[in-house]
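Taking it in order: structure first as structure tokens, then the write-up.
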Amino acid sequence: MSIVEAFIFGVVQGIAEFLPISSTAHIVIAQLLFGYSFPGLSFEVILHIGSIVAVVLYFRRDIIQLIQAFFRYITQKRREDRPEFFFAIYIVIATIITGLLGIMLEDVLAETIKTPAFIAASLTVTGFFLILIERYHKIGDRTEKEMNVFDAVIVGLAQTLAVLPGISRSGSTLIAALYAGLNRPTAVRFSFLLSIPVILGSSVLAFDDLRTGSLASIGTMPLIIALVASFITSWIGIVWLINFLNKGRLIYFALYCFLLAILVVTLVDPAATIQTE
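Numbering-wise, the sequence shown is residues 4 to 280 according to my numbering.
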């Protein structure tokens with residue numbers, strides 16, 4: 004892998020990870036365009052590490068506050084810590100649902116989902132639901148204090164679909180949270196904090212692949228470049244999305260998904276697919 008390719012893969016991962024446009028689809032499309040298949044899952048782990056470090060550092064105060072409130076409520080039963088305690092519980096519930104069902108879904112579909120036609124269709128579905136939630140569903144006003152188990156289950160189930168390339172993880176969780184009646188700030192916070200255990204979990208599942216030495220074929224410098232590019236662009240993506248959602252509209256992401264789906268169908272060889280080496 005060249006340094007330029009590593010940089011592009013890092014940028015693609017970082018920008019697309021937290022925007023509702025599916026980072027998996029973008030990574031697969033980039034591989035198809037370059038005619039390059041990652042040697043196993045090791046390189047994807049490196050890309051995800053950059054994103055996870057970015058989101059942990061950005062939300063470090065939220066994470067510390069959440070952990071402190073969680074254990075304070077257990078030991079002291081402080082009433083003011085109750086919302087944060089259950090917020091953490093809801094993250095755990097959604098993560099478990101995503102983890103169990105996501106593994107089952109991925110095992111069933113395997114590599115058949117990494118084709119241009121499937122990706123284009125999934126991007127179209129993502130765009131459709133972004134428009135649906137933006138135009139035809141009234142955004143709720145419920146905050147963390149009004150959240151319940153049903154919200155966590157709905158978001159967890161929606162996030163499970165993100166195992167499909169083209170179905171955005173951040174998009175699916177945002178859509179589900181807004182559909183459940185949460186307000187935008189709560190939906191965004193829940194989506195971002197939920198991404199931490201999910202991305203960590205998917206990376207841990209791929210750690211065994213690191214033992215194969217597949218990273219050696221990529222090279223040290225490309226790995227460093229990809230990691231740094233993923234971290235920096237993930238940070239930018241987080242900041243930009245939060246600011247955009249406060250004053251922007253999801254429909255723009257929907258239009259992008261539709262455009263990308265058209266480009267995939269017209270420019271990428273329909274017989275192309277990604278095979279793990």
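Positions of the beta carbon are idealized from the N, C-alpha and C atoms, including for glycine.
Would you report the Cα separation of T279 and A165, rounded to the nearest angstrom? Its pLDDT being 40, under 50, T279 is placed unreliably in this model, and the value from its coordinates should be taken loosely. The alpha-carbon atoms of T279 and A165 are separated by roughly 19 Å.
Euclidean distance between Cα positions of L262 and L36: 17 Å
Three or more beta-carbon pairs under 8 Å between the region 136-153 and the region 221-230, yes or no? no
Using 8 Å as the threshold, is the region 156-163 in touch with the region 9-26, meaning 3 or more CB pairs across them? no
In three-state terms, what does DSSP make of R187? helix
Can you tell me the Cα-Cα spacing of I3 and I228, whole angstroms? Residue 3 lies beyond the range of the chain shown here (4 to 280); nothing can be said about it.
For L126 and A28, believed in contact at Cβ under 8 Å, the rounded distance: 6 Å
Contact the region 184-194 vs the region 130-145: 3+ CB pairs below 8 Å: yes
Among V267, L103, L181, which one has its Cα closest to the Cα of Y139? L181
Where the alpha helix (DSSP H) through V158 begins and ends: 152-163
According to DSSP, which residues form a beta bridge with R145? L185
Roughly how many whole angstroms lie between the Cα atoms of F247 and F131? 19 Å
Can you name the start and end residues of the alpha helix (DSSP H) that P119 belongs to? 119-138
Whole angstroms are fine: how far does the CA of I52 sit from the CA of T31? In the sequence as presented, Thr is not what sits at residue 31; that position holds Val. Taking the straight line joining both Cα atoms gives about 18 Å.
With distances taken from CA atoms, which of L135, T189, I70, F88 is nearest Y255? L135
Excluding sequence positions up to five away, which residues of its chain have a Cβ less than 6 Å from the Cβ of V128? none
Between which residues of its own chain and I70 is the CB-CB distance below 6 Å, once the five residues before and five after are set aside? none
Look up M4 in the DSSP assignment and say whether it is helix, strand or coil. coil
Between the Cα of G105 and the Cα atoms of A264, G17, V201, which residue gives the shortest distance? V201
Rounding to the nearest angstrom, what Cα-Cα distance links L177 and L196 in this structure? 12 Å
Determine the DSSP secondary structure at Q278, reduced to helix, strand or coil. With a pLDDT of 45 at Q278, under the threshold of 50, the modelled position of that residue is not reliable, and the figure given next carries that caveat. Three-state result, Q278: coil.
Put G222 into one of helix, strand or coil per three-state DSSP. coil
Sub-9 Å separation of G204 and S25 beta-carbons: no
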